[in-house]
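**Q**
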Amino acid sequence: MSMPDPASKPGTSTPAAPHAATSLLERLFRLREHHTDVRTEILAGITTFLTMAYIIFVNPSILGDAGMPKDAVFVATCVAAAIGTLIMGFYANYPIAMAPGMGLNAYFAYTVVKGMGFPWEAALGAVCISGCLFLLVTLFRVREMIVNGIPHSIRVAITAGIGLFLAIVALKNAGIVTASPATLVTIGDLHQPAAVLAIVGFFVIVALDHLRVKGAILIGILLTTLLSFAFAGNTFHGVFSAPPPLSPTLFKLDISAALSIGIINVVLVFFLVELFDATGTLMGVANRAGLLKAGKMDRLNKALMADSTAIMAGSFLGTSSTTAYIESASGVQAGGRTGLTAVTVAVLFLAALFIAPLAGTVPAYATAPALLYVSCLMLRELLEIDWNDVTEVVPAVMTALGMPFTYSVANGVAFGFISYAALKLLTGRARSVPLMVWIIAAVFIFKFYYLPGH
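So the sequence shown is numbered by numbering that gives the first Met the number 0: it starts at 0 and just counts up by one.
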């Protein structure tokens, strides 16, 4: 009896490979349970990446102002985003991407390093400690107690205040606003190419986003950069290359300096903003994806574990706090429902490592329109304040205005907590104030009294 010829069944093993891959993805991400498929998830991941890819240009620009080597920060940004997003995808199975957060990077560079005079290595140490605290409150499930203990008005005002802080940074970087001895700030020279191009880029971003064009912010940055070659004397350094070395920032954090008494409030601000930002973003995106059950996320603690781990990983690599991105909602809108969307985003961030020359070509005035537009979006949070209660309104406004006017996110947060506690006490409503508010207000009063220079 002759043996069957293996070649007589050429198709026997070929279809098994894609089927096996699909089966593996099904086991990992439970695609059918979430009413989705591989193609939809990958397209959703591409959509999310396009809407948040601006961070690979903006983050090195901002942290570079703090004296950090931009090329190394570029690599750290891509790798930290990939690590955090992979953990979110595989461990928490949510279609939520992560990257160094806007606002916290500005606080890191312009307040902690340039304003308070701490070296960037110490600032990275503060980021790491805040990530450790975040991890601890997640592991011991005390996050709810902390979040619920902070007044809603203060929470939304922190976001809005960071938006105002970003706005003044953006206007300054574009040359639209400059310092003035007579009036503190004044309008810059709008005849300069940088200012004109920044204004054009801003309107392009707003228009494209209104028209629901995917990657509107990224398109605006790239268009402004392209115009800078013709009108602002920018020079082209190429597009692709091997990734730059990470060694200038890798493991350069200084934990001992971050443990000094003068930087306690910095750690506190990093921790609070990370906590509120992560929780709010995760809940918001999950709600839009229909992943909430009775108003709660089943795997919220896993998602927060991914967030806190990414913060610590980012500090070791050399970047400011990593957080969940609200831009993930664009991928959800495109059909993303599982961690496969996040894994796709992570792969694209790793692929972006090879466009370092392009990132180095992007000038600060090209990223300024993105900062300004993001700041405008962040101000929408003020709508959630109860404007009929002055004991809620005044602390919220003090929080928001304190950030740009003192050029410090920490001072804005301090003004908010102290004024909230004081007004509730003076109006006979002290019992309605959560214990957490009294504790944080006391910490900031101690800081202002004993450490006025910080």
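Using N, Cα and C, we set each Cβ at its ideal position, and we do this for glycine too.
1. Three-state secondary structure (DSSP) at S259?
2. Please report how far the alpha carbon of K446 lies from the alpha carbon of N264, in whole angstroms.
3. Would you call the region 188 to 201 and the region 154 to 168 touching, i.e. three or more CB-CB distances under 8 Å?
4. Can you name the start and end residues of the beta strand (DSSP E) that L183 belongs to?
5. Of all the options A71, A365, S314, V342, which has the alpha carbon lying nearest to the alpha carbon of S327?
6. If you draw a straight line from the alpha carbon of F416 to that of A125, how long is it in whole angstroms?
7. With a CB to CB cut of under 8 Å and the five nearest residues on each side skipped, what residues in its chain are close to T11?
8. Given a cut-off of 8 Å, decide if F28 and L339 are closer than it, judged by their beta-carbon atoms.
9. Sort out for me which residues DSSP pairs M377 with in a bridge.
10. Note down, one range per segment and in chain order, each alpha helix (DSSP H) of at least 4 residues found wholly within the region 178 to 246.
11. Measuring CB to CB, does T224 end up less than 8 Å from A75?
12. Nearest-angstrom Cα distance between G114 and K292?
13. Taking 8 Å as the threshold (C-beta atoms), are G237 and L49 in contact?
14. According to DSSP, is A288 part of a helix, a strand, or is it coil?
15. Give a single yes or no on whether L42 has its beta carbon closer than 7 Å to a heavy atom of the ligand NAP.
16. Specify, as a first and last residue, the run of the alpha helix (DSSP H) that M402 falls within.
17. Put T322 into one of helix, strand or coil per three-state DSSP.
18. In terms of DSSP beta bridges, what is M296 paired with?
19. Taking only runs of the alpha helix (DSSP H) that begin and end inside the region 18 to 60, which ones reach a length of at least 4 residues, in chain order?
20. Report the three-state DSSP secondary structure of V277 (helix, strand or coil).
21. Using the C-alpha atoms, what's the distance from G317 back to D64?
22. Are three or more beta carbon pairs between the region 22 to 41 and the region 75 to 87 nearer than 8 Å?
23. Name the DSSP beta bridge partners of M97, please?
24. Have a look at T337 and L382 and give me their C-alpha separation to the nearest angstrom.
25. Can you tell me which of Y109, L30, T158 puts its alpha carbon nearest to the alpha carbon of G334?
26. Under 8 Å, with one C-beta from each stretch per pair, do the region 276 to 284 and the region 294 to 311 reach the 3-pair mark?
27. For the pair the region 98 to 116 and the region 350 to 368, tell me if three or more CB-CB distances fall below 8 Å.
28. Does the beta-carbon distance from Y364 to A173 come in below 8 Å?
29. Using C-beta distances below 7 Å, list every residue in its chain close to L299, excluding the 5 sequence neighbours before and after it, in chain order.
30. For V373, collect the residues of the same chain with a Cβ closer than 7 Å to its Cβ; drop the 5 residues on either side in sequence, then sort them by chain order.
31. Return the CA-CA distance between T405 and T322, expressed in angstroms with no decimal places.
32. With DSSP collapsed to three states, give me the class of V432.
33. Grab me the residues of A413's own chain with a C-beta within less than 6 Å of its C-beta, minus the 5 sequence neighbours each way, in chain order.
34. Please check the pair A193 and A231, which I expect to be a contact at CB under 8 Å, by giving their CB distance rounded to whole angstroms.
**A** So, to answer that:
1. Here S259 sits in coil by DSSP.
2. Looking at the two C-alpha atoms, the distance is approximately 7 Å.
3. Touching, no.
4. L183 -> beta strand (DSSP E) spans 183 to 186.
5. Comparing C-alpha distances from S327 to each of A71, A365, S314, V342 shows the shortest one belongs to V342.
6. Using only the alpha carbons, I get a separation of about 21 Å.
7. Reliability of the predicted coordinates at T11 is poor, the pLDDT of 45 falling under 50, and the value obtained from them is presented with this limitation in mind. Answer for T11: no residue qualifies.
8. Taking 8 Å as the Cβ cut-off, L339 and F28 qualify as a contacting pair.
9. DSSP lists no partner for M377.
10. Taken in chain order, the whole alpha helix (DSSP H) runs of length 4 or more contained in the region 178 to 246 are 192 to 209, 215 to 230.
11. Note that the C-beta distance between T224 and A75 is not below 8 Å.
12. If I take the Cα positions, the gap works out to 44 Å.
13. Cβ atoms of L49 and G237: not closer than 8 Å.
14. Correct three-state label for A288: coil.
15. This structure lacks the ligand NAP; in fact it carries no ligand of any kind.
16. Judged by DSSP secondary structure, M402 falls within the alpha helix (DSSP H) whose first and last residues are 389 to 405.
17. Annotated three-state conformation of T322 is strand, per DSSP.
18. Under DSSP, M296 takes part in a beta bridge, and its partners are L291.
19. Entirely contained in the region 18 to 60, the alpha helix (DSSP H) runs reaching 4 residues are, in chain order, 37 to 51.
20. Per the sequence presented here, residue 277 reads as Ala, with Val not at that position. Note: A277 maps to helix in three-state DSSP.
21. Cα to Cα, D64 sits roughly 14 Å from G317.
22. No, because fewer than three Cβ pairs between the region 22 to 41 and the region 75 to 87 fall closer than 8 Å, the two stretches do not touch.
23. Residue pairing by DSSP places M97 opposite A323 in a beta bridge.
24. When rounded, the distance between both Cα atoms is 31 Å.
25. Of the candidates Y109, L30, T158, the one whose C-alpha sits nearest the C-alpha of G334 is L30.
26. The answer is yes - the region 294 to 311 touches the region 276 to 284, with three or more Cβ pairs under 8 Å.
27. Short answer: they don't touch.
28. Result yes, Cβ atoms of Y364 and A173 sit closer than 8 Å.
29. Counting only Cβ-Cβ distances below 7 Å, and skipping sequence neighbours, we find L281.
30. Correct list, in chain order: M101, L165.
31. Here the alpha carbon of T405 sits roughly 25 Å from the alpha carbon of T322.
32. In this structure, V432 counts as coil in the three-state DSSP scheme.
33. Correct list, in chain order: F443.
34. Going by Cβ atoms, the distance from A193 to A231 rounds to 6 Å, so yes, they are a contact pair.
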